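K.L.:
Handing you this structure, nothing more for now.
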Amino acid sequence: MDVLTLNFVNLYIALAASSMLWLLYRTEAKPPYLQYWTFAGIFLLLNASLGVLFLTTDQMPYWLAPAGANTCTIGFHLLLLAGFCRHWQRPIALFWLVGVVMLVYATNLSDFAQASLSNRLLLNFPVIVSLSLLSLVLLLRHWQKPLHSIYLMFALAFGLNAAQFSLRWAVVVANQLHLDLGISEQLLHSLGFFGLVAFELVIFSGCILLVKRQQQLALQHASERDQLTGILNRNSLEQKLHAEVQRCQRAGKCCSFIMFDIDYFKQVNDRFGHIIGDAAICHVVKVTTEQLRPYDLMFRYGGEEFLVCLPETAAAEAVHIANRIRSHIEHSTLADCPQAQLTVSVGVASGGLHTLWHHLVSEADQALYQAKHSGRNQSCLFSAPQPAGVC
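The opening position of the sequence shown corresponds to residue 0 in numbering that gives the first Met the number 0, with each subsequent residue numbered one higher.
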């Protein structure tokens, strides 16, 4: 495939990618990284257009092509990097982006760059390699497991792009030093151009897939989370508890559950109103999560009732955690209504190697009933054969 044909392919990819990314930007919540990637597509579109004109016209001024086209290529890589930085919520100054583009353009207008194609390659290729490697390093630092397959696509693309530009730069240097490597510079340039087109296709496909995958993750997160408190809801309870109990049993560890609710919550609503009631629920959730470990799971089980899964936790430790939660809630102050005194009643259940998750939920519920029946604001541990638990 000749270079002119590759430029037309490049033109089509850039037009399709920039249009699709712009439409996604307009229809989504306008994430900044999509805006940067759209402009990356526009830079690529300008590069391909100038390339086609340069190969089909004899009157192209140097400042437009190849100087402008080379700047667009580097601008494309720079805006890809900027988009990833915004995707990872890293700050990036527009001033520096414009400054780098202007510096690259000025370098391509220098006498050294205008002297020969080899000189321009010697100047521009290290910049492209640096941007690709920087993108790769940042990608590895911010690796996200839910986006593993898409990040792997990006990593391979940036790695291969840096490799092929490094190889082409090495060949140019060797030719400048009159070293015969047995590689045709023109053939390598054509293959490199094909490699750049393949890189663009993979990168833009990955960008679009990334947006769609993040949409899926956002929907999944919304379906699993309680809208008021942000903790897990009952929709995800069965799957997550089954998996956690099974994991603990494979490891030969106990798994404990804590179920608690806010004492006399109806009186809080009746006396202070439902807005304060919602604030009380959020306050209890905040205080509780501060006492939990990062891998503990907390669910909103009902209106003012909550369930906590404590993996790899024996009964004695679970009771200690339950009492700590209860005590912190009792001695905390609801900022929106300091006169509302909040307490909770807590039931605890712990299971071994053959206990089913829903049995533990039922036992924790029975222990909670015993805690409320015994006067509230206390913790009870379920213990068979006593049907209501032991305080």
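Every residue, glycine too, gets a C-beta built ideally from N, C-alpha and C.
Quick caveat: nothing in here was measured; it's all calculated off a predicted structure.
Quick check on S373: does DSSP put it in helix, strand or coil?
P.N.:
Position 374 of the sequence shown, counting from 1, holds the residue named residue 373. Note: S373 maps to coil in three-state DSSP.
K.L.:
Could you name the residues of the same chain whose beta carbon sits closer than 6 Å to that of A278, not counting the 5 residues immediately before and after it, in chain order?
P.N.:
Counting from one through the sequence shown, the residue named residue 278 turns up at place 279. D335.
K.L.:
Looking at the structure shown, is D260 part of a helix, part of a strand, or coil, going by DSSP?
P.N.:
The residue given as residue 260 occupies position 261 in the sequence shown. Three-state DSSP puts D260 in a strand.
K.L.:
The beta strand (DSSP E) spanning C379 covers which residue range?
P.N.:
For the purposes of this step, residue 379 is taken as the residue at position 380 of the sequence shown. From DSSP, the beta strand (DSSP E) with C379 extends over 378-382.
K.L.:
Do the CB positions of P31 and R119 come within less than 7 Å of each other?
P.N.:
In the sequence shown, counting from the first residue as 1, residue 31 sits at position 32. In the sequence shown, counting from the first residue as 1, residue 119 sits at position 120. Contact: no.
K.L.:
Quick one: grab the DSSP three-state call for G67.
P.N.:
Against the sequence shown, residue 67 aligns to sequence position 68. Three-state DSSP puts G67 in a helix.
K.L.:
Which residues does DSSP list as the beta-bridge partners of E304?
P.N.:
Along the sequence shown, read from residue 1 onward, the residue named residue 304 stands at position 305. D260.
K.L.:
Terminal residues of the continuous alpha helix (DSSP H) containing L96?
P.N.:
In the sequence shown, the residue the question calls residue 96 occupies position 97. Start and end: 93-107.
K.L.:
Given that a residue counts as buried once 16 or more other Cβ atoms are within 10 Å of its Cβ, and exposed if not, what is V244?
P.N.:
Translated into positions along the sequence shown, residue 244 becomes position 245. Classification for V244: buried.
K.L.:
Leaving aside the five residues before and after C355 along the sequence, list all residues of the same chain whose C-beta is less than 8 Å from its C-beta, in chain order.
P.N.:
Counting from 1 along the sequence shown, the entry for residue 355 is found at position 356. Looking at the sequence itself, residue 355 is Leu, so the reference to Cys does not match. Closer than 8 Å at Cβ, skipping near neighbours: V244.
K.L.:
Between Q213 and S326, what straight-line distance do the alpha-carbon atoms span, to the nearest angstrom?
P.N.:
For this step, residue 213 is matched to residue 214 along the sequence shown. For this step, residue 326 is matched to residue 327 along the sequence shown. Looking at the two C-alpha atoms, the distance is approximately 39 Å.
K.L.:
Determine, using beta carbons only, whether F193 and L5 come nearer to each other than 7 Å.
P.N.:
Here residue 193 is taken as the residue at index 194 of the sequence shown, counted from 1. Here residue 5 is taken as the residue at index 6 of the sequence shown, counted from 1. Yes, the pair counts as a contact, with Cβ atoms nearer than the cut-off.
K.L.:
Taking the continuous beta strand (DSSP E) assigned at R246, which residues delimit it?
P.N.:
Counting from 1 along the sequence shown, the entry for residue 246 is found at position 247. From DSSP, R246 is part of no beta strand (DSSP E) but of the alpha helix (DSSP H) over 236-249.
K.L.:
Output yes or no for whether 7 Å exceeds the beta carbon distance between G40 and A13.
P.N.:
Counted from its first residue, the sequence shown places residue 40 at position 41. Counted from its first residue, the sequence shown places residue 13 at position 14. Against a cut-off of 7 Å, the Cβ pair of A13 and G40 comes out as a contact.
K.L.:
Indicate whether the contact test is met: 3 or more Cβ pairs, each with one atom in the stretch 98-107 and one in the stretch 148-163, closer than 8 Å.
P.N.:
No: fewer than three Cβ pairs fall under 8 Å.
K.L.:
Helix, strand or coil: which one does DSSP assign to C336?
P.N.:
As a first step, residue 336 must be located in the sequence shown, where it is residue number 337. The answer is coil: DSSP assigns C336 none of H, G, I, E or B.
K.L.:
Terminal residues of the continuous alpha helix (DSSP H) containing S344?
P.N.:
Numbered from its first residue, the sequence shown carries residue 344 at position 345. Unbroken run through S344 is the beta strand (DSSP E), 343-350; no alpha helix (DSSP H).
K.L.:
Which whole-angstrom value is the C-beta distance of V2 and S189, which I expect to be below 8 Å?
P.N.:
Counting from one through the sequence shown, the residue named residue 2 turns up at place 3. Counting from one through the sequence shown, the residue named residue 189 turns up at place 190. At roughly 6 Å, the Cβ-Cβ gap stays under 8 Å, so V2 and S189 are in contact.
K.L.:
Could you check what DSSP says for R224 in three-state terms: helix, strand or coil?
P.N.:
Residue numbering aside, residue 224 sits at position 225 when the sequence shown is read from its first letter. It is a strand residue.
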